[in-house]
Every structure is written in structure tokens, then in C-alpha cells.
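The structure under discussion appears below in the form of C-alpha cells.
See below:
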């Protein structure tokens with residue numbers, strides 16, 4: 029599927045779509061589909077699931093409009109379907125105060141599942157920034173991610189970039205901190 033035919037963003041607007049992306053297995057399936065069309069058999073192998081389970085999760089994603097069949101072919105009398113993401117990126121609604129941020133939870137789960145002895149760059153920086161600096165930093169990180177997304181080659185190993193730039197809540201203690 030030519031990349032110019034794929035919309036830039038898919039905005040999550042329904043409960044069905046939110047339930048579809050909130051599952052970690054489906055999140056990992058979408059990660060497999062982000063670069064190239066893939067069959068259920070290929071998805072099952074990459075994610076480490078049975079074909080039936082992969083098929084179930086892909087059907088839910090397809091019903092929610094997040095993935096779609098982009099090509100089919102006959103293999104020994106069976107129609108093989110190739111699935112791809114419906115858009116380059118997914119925009120989730122703001123989780124609201126006190127609600128879990130699904131993307132960050134999935135990202136942390138993926139980080140925890142990644143090989144400890146593999147190449148990882150994990151860090152955290154506490155900064156004090158003006159509103160203008162805050163906005164500029166966010167825009168620069170997004171631009172850098174976009175630049176490298178264009179360079180992505182499906183034949184290379186996957187890499188994930190996750191970032192969160194936010195201002196911590198003032199006056200609230202972090203969970204687990206003593207008073």
C-alpha cells in the first residue's frame with residue numbers, strides 16, 4: 029500500500045475504538061503493522077500468539093477502523109489477507125485527570141519486555157522551562173520523531189521512541205511518597 033494513500037492521523041472517537049487500542053496485545057499487533065502489510069500468520073509469529081488469537085485481535089482492530097485489508101492473494105485455495113494500519117498515527121483522547129494514559133502504559137510494558145542486554149536509551153530529565161521553551165522543546169522532539177519516521181526501513185529491526193513532556197501536578201504527593 030503506497031504510504032501517500034494513508035491518512036496521517038486516525039482520531040479515536042468511540043468507546044469501541046478506545047477498547048480496541050487499550051489492549052496490550054492489540055497495541056503490539058499495531059506495532060507490527062505500522063511499516064508494511066502483514067498476514068495473520070506473520071503477525072502471530074512476530075507477536076508470539078496462536079493464529080486464532082491473532083485473527084481475533086485483528087478482527088477487533090478492523091471492526092474499530094484502526095486496521096484494514098490492503099491486499100489479498102490466493103494461496104493453495106485459501107485467500108490470504110494482508111493488513112495494514114488505517115493511518116500513520118493514532119490520536120487518543122486526553123485521558124482526563126486521574127485516568128491512566130494508555131499509550132504510556134503500553135510503552136512502559138514494551139520497555140519492560142525488551143531485552144535488558146539490548147540497545148536501550150532510557151533517561152529522565154527534570155527541567156525548569158518557560159512556556160515558550162516548553163512549547164519549543166515539544167515541537168523539536170515531535171519534529172525529530174517525524175524526521176526519523178520518514179527514514180524508517182521495514183527491513184531493519186524495530187525501534188520505539190516514546191516521549192512525554194509534561195508539567196507535574198503541583199501540591200500533590202507522588203504515589204508511595206510519605207508525608
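Residue numbers (this note's numbering): 29 to 207. No residue lacks a Cβ here, since even glycine has one placed at the ideal position from N, Cα and C. Keep in mind that this is a model prediction, so the values were computed, not measured.
Q. Between the beta-carbon of residue 48 and the beta-carbon of residue 92, is there less than 7 Å?
A. Here the question's residue 48 lines up with position 20 in the chain shown. Here the question's residue 92 lines up with position 64 in the chain shown. In this structure, residue 48 places its C-beta atom within 7 Å of the C-beta atom of residue 92.
Q) Looking at C-alpha atoms only, which residue of 108, 117, 84 is the closest neighbour of residue 177? A) Within the chain shown, residue 177 is the residue found at index 149, counting from 1. Across the set 108, 117, 84, the C-alpha of 117 shows the shortest separation from the C-alpha of residue 177.
Q: Go through its chain and collect everything with a Cβ distance to residue 166's Cβ below 7 Å, but skip five positions before and after it.
A: As a position in the chain shown, residue 166 is number 138, starting the count at 1. By the criterion of a C-beta distance shorter than 7 Å, residue 166 is surrounded in its chain by 193, once the five residues flanking it on both sides are discounted.
Q. Buried or exposed: residue 112, going by 16 or more other Cβ atoms within 10 Å of its Cβ?
A. Mapped onto the chain shown, residue 112 falls at position 84. Buried.
Q. Is residue 118 near the ligand FMN, in the sense that its beta carbon is under 6 Å from a heavy atom of that ligand?
A. Among the components of this structure there are no ligands whatsoever, and the ligand FMN is therefore not found.
Q. Smallest Cα separation from residue 68: which of 129, 39, 59, 86?
A. Here residue 68 is taken as the residue at index 40 of the chain shown, counted from 1. Closest by C-alpha distance to residue 68, out of 129, 39, 59, 86, is 86.
Q: Please list, in chain order, all residues of the same chain as residue 206 whose beta carbon is under 8 Å from its beta carbon, the five residues on each side excluded.
A: Locating residue 206 in the chain shown gives position 178, where the first residue counts as 1. Bear in mind that the predicted position of residue 206 carries a pLDDT of just 49, short of 50, making it too unreliable to give a figure here.
Q.
Considering just the uninterrupted stretch of the alpha helix (DSSP H) at residue 71, what are its terminal residues?
A. Along the chain shown, read from residue 1 onward, the residue named residue 71 stands at position 43. Following the DSSP letters along the chain, one finds residue 71 inside the alpha helix (DSSP H) bounded by residues 68 to 75.
Q | residue 99 versus residue 64: straight-line alpha-carbon distance, rounded | A | The sequence position of residue 99 within the chain shown is 71, counting from 1. The sequence position of residue 64 within the chain shown is 36, counting from 1. Each residue's Cα considered, the two are about 11 Å apart.
Q) residue 102 to residue 54, Cα distance in whole Å? A) Your numbering for residue 102 matches position 74 in the chain shown. Your numbering for residue 54 matches position 26 in the chain shown. If you take the alpha carbons of residue 102 and residue 54, they lie about 26 Å apart.
Q) Going by alpha carbons, who is nearest to residue 62 out of 76, 38, 147, 195? A) For the purposes of this step, residue 62 is taken as the residue at position 34 of the chain shown. With distances taken between CA atoms, residue 62 lies nearest to 38 out of 76, 38, 147, 195.
Q) With distances taken from CA atoms, which of 77, 42, 46 is nearest residue 57? A) Walking along the chain shown from the start, residue 57 turns up at place 29. Cα-wise, what sits closest to residue 57 is 77.
Q: Starting from the C-beta of residue 130, find all residues in its chain whose C-beta is less than 6 Å away, skip the five residues before and the five after it, and write them out in chain order.
A: As a first step, residue 130 is located in the chain shown; it is residue number 102 there, counting from the start. Once the five neighbours on either side are set aside, the close Cβ partners of residue 130 are 50.
Q. From residue 59 to residue 195, what distance separates their C-alpha atoms?
A. Looking up residue 59 in the chain shown gives position 31. Looking up residue 195 in the chain shown gives position 167. Annotation: residue 59 to residue 195 spans about 28 Å, alpha carbon to alpha carbon.
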